[in-house]
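Residues -18 to -1, 1 to 32 in mature numbering (1 follows the signal peptide of the UniProt record, and there is no 0) are what the sequence shown spells out, letter by letter.
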Amino acid sequence: MMALVGSFLFSMAESIIAQLASQTLAEASQVLGVYNDLQHFTQTLSYIKA
């Protein structure tokens, strides 16, 4: 059951990251200075999933 919950949470996180990674948001995040944080978070999620 916990594995299913974990899988669901990662799936949701991936979906959110995919939306946040859109070109428009990437440009806006660069302006706001959070682009590198977003990229680092995306990479961390990829490592955890693997």
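Glycine included, C-beta positions come from ideal geometry on N, C-alpha and C.
*Would the beta-carbon of Val(-2) fall within 8 Å of that of Thr24?*
According to the sequence displayed, residue -2 carries Ile and not Val. Going by C-beta atoms, Ile(-2) is nearer than 8 Å to Thr24.
Once DSSP output is grouped into helix, strand and coil, what is the label at Ser11?
Per DSSP, reduced to three states, the secondary structure at Ser11 is helical.
* **Selection from Ser28, Leu27 and Gln21 that minimises the alpha carbon distance to Ser4** => The alpha carbon of Ser4 has as its nearest neighbour, out of Ser28, Leu27 and Gln21, the alpha carbon of Gln21.
Beta-carbon contacts of Ile30 that lie in its chain and below 8 Å, excluding the five residues immediately before and after: Around Ile30: Phe(-9).
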